[in-house]
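K.L.:
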Amino acid sequence: MDMWYTEKHSENVGITMKVSRTLFSGKSDFQQLDILETLEYGRMMLLDGLVMVTERDEFVYHDMITHPALFTHPDPKKVLVIGGGDGGTIREIMKHKNVELAVLCEIDGLVIDKSIELLPSMSCEIDGSNPRVKLHVDDGIAYIKAHQGEFDIILVDSTDPIGPAEGLFEEDFYRTVFAALKDDGIMVAQSESPFYHAEIQKNMYGNLRSVFPIVEMYQAFIPTYPSGLWSFAFASKKYHPVRDFDRERARGRDFHTRYYNEDLHLGAFMLPTFARENIEG
Ligand code: SAM
Numbered sequence: 001m002d003m004w005y006t007e008k009h010s011e012n013v014g015i016t017m018k019v020s021r022t023l024f025s026g027k028s029d030f031q032q033l034d035i036l037e038t039l040e041y042g043r044m045m046l047l048d049g050l051v052m053v054t055e056r057d058e059f060v061y062h063d064m065i066t067h068p069a070l071f072t073h074p075d076p077k078k079v080l081v082i083g084g085g086d087g088g089t090i091r092e093i094m095k096h097k098n099v100e101l102a103v104l105c106e107i108d109g110l111v112i113d114k115s116i117e118l119l120p121s122m123s124c125e126i127d128g129s130n131p132r133v134k135l136h137v138d139d140g141i142a143y144i145k146a147h148q149g150e151f152d153i154i155l156v157d158s159t160d161p162i163g164p165a166e167g168l169f170e171e172d173f174y175r176t177v178f179a180a181l182k183d184d185g186i187m188v189a190q191s192e193s194p195f196y197h198a199e200i201q202k203n204m205y206g207n208l209r210s211v212f213p214i215v216e217m218y219q220a221f222i223p224t225y226p227s228g229l230w231s232f233a234f235a236s237k238k239y240h241p242v243r244d245f246d247r248e249r250a251r252g253r254d255f256h257t258r259y260y261n262e263d264l265h266l267g268a269f270m271l272p273t274f275a276r277e278n279i280e281g
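In UniProt numbering, the protein residues as written are 1 to 281.
1. With H, G and I counted as helix, E and B as strand and the rest as coil, what does DSSP make of V177?
2. Are there 16 or more other CB atoms within 10 angstroms of the CB of M270, so buried, or fewer, so exposed?
3. Output needed for R258: all residues of its chain with C-beta closer than 6 Å, excluding positions within five of it in sequence on either side, in chain order.
4. Give every residue of the same chain whose Cβ lies closer than 6 Å to the Cβ of G228, excluding the five residues on either side of it in the sequence, and list them in chain order.
5. Might you give, ordered along the chain, the residues of its own chain that have their beta carbon closer than 6 Å to the beta carbon of Q31, omitting 5 neighbours on each side?
6. Using 7 Å as the threshold, is the C-beta distance between T54 and T159 below it?
7. Along the chain, where does the alpha helix (DSSP H) containing L264 start, and where does it finish?
8. For a test of your reading of the model: does the CB of M52 fall under 6 Å from any non-hydrogen atom of the ligand SAM? Yes or no.
9. Output the distance between the C-alpha atoms of L181 and S236, rounded to the nearest integer angstrom.
10. Can the beta-carbon of residue 282 be found closer than 7 Å to that of S115?
11. Quick one: using the 10 Å Cβ neighbour count with 16 as the cut-off for buried, is W4 buried or exposed?
12. Report back the beta-carbon spacing between L33 and G26 to the nearest angstrom; my notes put them in contact at under 8 Å.
13. Report yes or no: do the segment 205-220 and the segment 147-167 share at least 3 C-beta pairs separated by less than 8 Å?
14. Reducing DSSP to helix, strand and coil, say where I162 ends up.
15. With H, G and I counted as helix, E and B as strand and the rest as coil, what does DSSP make of D157?
16. Hey, could you find the ends of the alpha helix (DSSP H) T66 is sitting in?
17. Just checking my contact of P76 with I153 at CB under 8 Å: how many whole Å lie between their CB atoms?
18. Since I15 is in the alpha helix (DSSP H), which residue starts that stretch and which ends it?
19. Helix, strand or coil for Q201, going by three-state DSSP, please let me know.
20. For the ligand SAM, is there a heavy atom less than 6 Å away from the beta-carbon of residue 357?
21. Is it the case that the Cβ atoms of V51 and G85 are separated by a distance below 7 Å?
22. Starting from the Cα of A142, find the closest Cα among V133, M122, D172 and give me that residue.
Following this line, the structure appears as structure tokens:
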């Protein structure tokens, strides 16, 4: 018998996928975690019933949360990821050989454990085998308060602003991130869908602009996220992601990326008008 999973994106619209089996279903102290085997998108992780990653399209999200910042900063050595317990963002950071240390601070140990067990293509660098990676099971807000002035780059790879991630979209949090960055540090955070989440974006970018001198939105196409059009916030103390971008360094990278490239880096910051309007002051 066919099983179908549906995530509602609004009261009247959703995405539906055929599923062959459930690999894990359980509740942590923070959220409901399900990992399903789909027919077209490979293994898929859900948190509280919402798609977090699928094996087929995760490369878009993980390339784009990572490489624009790591190719804008001239020499990132210490990077922090908040959330991101599937490991995909850390896997991409590890492709940058100049990074000496990447710290993953994920609030939910169950997400890390089950990703290591069931999503090896994403979690390959968080399984304890890489000495350049450190794991902390902790609230990102608490962790960052205790590590001021330490990081070149902070990537906020979080869930939506409800439940444990709510505080990760607030001005107070961005002030703590600002203080946890070095003087030329950069933060990138996933910033929802311009199509469905205009109100969240307006608040989030307003909060970011009251803290960081440089704030830009960029976009990526992610088939399994609401509307397919997703966005990221680039907030920086010094380097601008377009004006200070060294295209030749990105072009000469010594690793493969399936989505990111030096031309797309620039194109991603060119926004459709309605998306621009979401974040105008
Ligand atoms: N790619 C996904 C997306 O945008 O749909 C997000 C990946 S998911 C692995 C995000 C992770 O953020 C979850 O595992 C969740 O437990 C974690 N998270 C949420 N709030 C957090 C917090 N305050 N501190 C650390 N991690 C948090």
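Glycine is no exception: its CB is placed at the ideal position from the N, C-alpha and C atoms. Given the structure is predicted, the values throughout are model-derived calculations rather than measurements.
P.N.:
So, from the listed chains and residues:
1. helix
2. exposed
3. F59
4. F221
5. L47, D48
6. no
7. 262-267
8. yes
9. 9 Å
10. This structure cannot speak to residue 282, because the chain is shown only from 1 to 281.
11. exposed
12. 6 Å
13. no
14. coil
15. strand
16. 58-72
17. 5 Å
18. I15 -> not in any alpha helix (DSSP H); beta strand (DSSP E) instead, spanning 14-27.
19. helix
20. The question about residue 357 has no answer here: the residues shown for the chain are numbered 1 through 281.
21. no
22. D172
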